[in-house]
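A short worksheet on the structure shown next.
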């Protein structure tokens, strides 16, 4: 089946780390993605991870993949006010199709 | 600047009217996509096109139609048969399928039908 689940909301204090979690169902997914959407805008790819990796780090972003549990997480270090947005987890389910989660709204408070 | 443009940003229509949403890209991408976004839901794929003059239905194609006559253009028509057309519509493009080739998104069109 194709179903990606995320918690809907996360509130974090400026300077702390944010961790956004995601579970997916398609064990054959080759790539898993994290996208960011700012208010009223399109989505921007933040990072992706190939399914044979268990971790990827890119500046303040760390992606962890537990393929056995089909669990993906995105950690944002030193969260800033500009990180307030909706974050979508997505899995590739075929060559041209992605399955998106409902998105996690991250609110950064001073 | 390369990118994807969608116009208009806001669109209002009366129930029963067809409406066409524009999507243009100058990234020289072969593949283009249309998604629908509703509050509290992920993006759902309406149609996608891998190459000019070819397109496939996504998960929620009923009540929508597309054309791909030019590589850079992929317009979406929301027909009167679409039961609940009010939504935020996003167009995207990519160089290839869903490998590491990133899907680039346009800014979206918010359609309100009353």
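Chains as they are written, first to last, in our numbering: chain A, 1 to 110; chain B, 111 to 224.
Cβ atoms here follow ideal geometry from the backbone N, Cα and C, with glycine treated the same way.
Rounded to whole angstroms, what's the CA-CA distance from residue 205 of chain B to residue 47 of chain A? Just pull it up for me. 17 Å
Output, in chain order, the set of chain B residues within a Cβ distance shorter than 7 Å of residue 42 of chain A. 200, 215, 216, 217 and 218
Taking C-beta to C-beta, are residue 74 of chain A and residue 20 of chain A nearer than 7 Å? yes
Taking only the alpha-carbon atoms, compute the straight-line gap between residue 1 of chain A and residue 25 of chain A and give it to the nearest angstrom. With a pLDDT of only 41 at residue 1 of chain A, under 50, the local geometry of the prediction cannot be trusted, and the value read off the model is given with reservation. Going from the Cα of residue 1 of chain A to the Cα of residue 25 of chain A covers about 6 Å.
Using the Cα positions of residue 156 of chain B and residue 220 of chain B, report the straight-line distance between them to the nearest angstrom. 15 Å
Check whether the region 127 to 134 of chain B touches the region 186 to 198 of chain B, taking contact to mean three or more Cβ pairs, one atom from each stretch, closer than 8 Å. yes
Given this structure, state the Cα-to-Cα distance separating residue 61 of chain A from residue 7 of chain A, to the nearest angstrom. 19 Å
Residues in the same chain with beta-carbon distance under 8 Å from residue 51 of chain A, minus the five sequence neighbours each way, listed in chain order, please. 29, 30, 31, 32, 65 and 67
Tell me, please, which residues DSSP counts as bridged to residue 116 of chain B. B/133
Whole runs of the beta strand (DSSP E) within the region 176 to 208 of chain B, excluding any shorter than 3 residues: 186 to 188 and 197 to 204
Would you say residue 102 of chain A lies against chain B (beta-carbon separation less than 7 Å)? yes
From A/56, A/108, A/109 and A/86, residue whose alpha carbon lies closest to that of residue 100 of chain A: A/86
Between the CA atoms of residue 44 of chain A and residue 11 of chain A - distance to the nearest angstrom: 21 Å
Of the listed residues A/93, A/27 and A/105, nearest to residue 81 of chain A (C-alpha basis): A/105
Where residue 1 of chain A sits in the DSSP three-state scheme: Low confidence applies to residue 1 of chain A: its pLDDT is 41, below 50, so where it sits in the model is not reliable, and the reading given next is rough at best. Reduced to three states, the DSSP call for residue 1 of chain A is coil.
What's the gap between the Cα of residue 150 of chain B and the Cα of residue 102 of chain A? 6 Å
Between the Cα of residue 4 of chain A and those of B/153, B/179 and B/136, spot the shortest distance and give me the residue it belongs to. B/153
What did DSSP end up calling residue 81 of chain A once you bin it into helix, strand or coil? helix
Measure the alpha-carbon distance for residue 116 of chain B versus residue 170 of chain B and round it to whole angstroms. 20 Å
Can you tell me whether residue 111 of chain A is helix, strand or coil according to DSSP? Summary: the structure shown does not reach residue 111 of chain A, with chain A confined to residues 1 through 110, and so no result is reported for it.
Judging by CA-CA distance, which residue of A/49, A/94, A/92 and A/79 is the nearest neighbour of residue 110 of chain A? A/79
Interface flag, residue 45 of chain A vs chain B, CB-CB below 7 Å: yes
Contact list for residue 197 of chain B against chain A, beta-carbon separation under 7 Å: Near residue 197 of chain B there are no residues of chain A at all, since even the closest Cβ is about 14 Å away, more than 7 Å.
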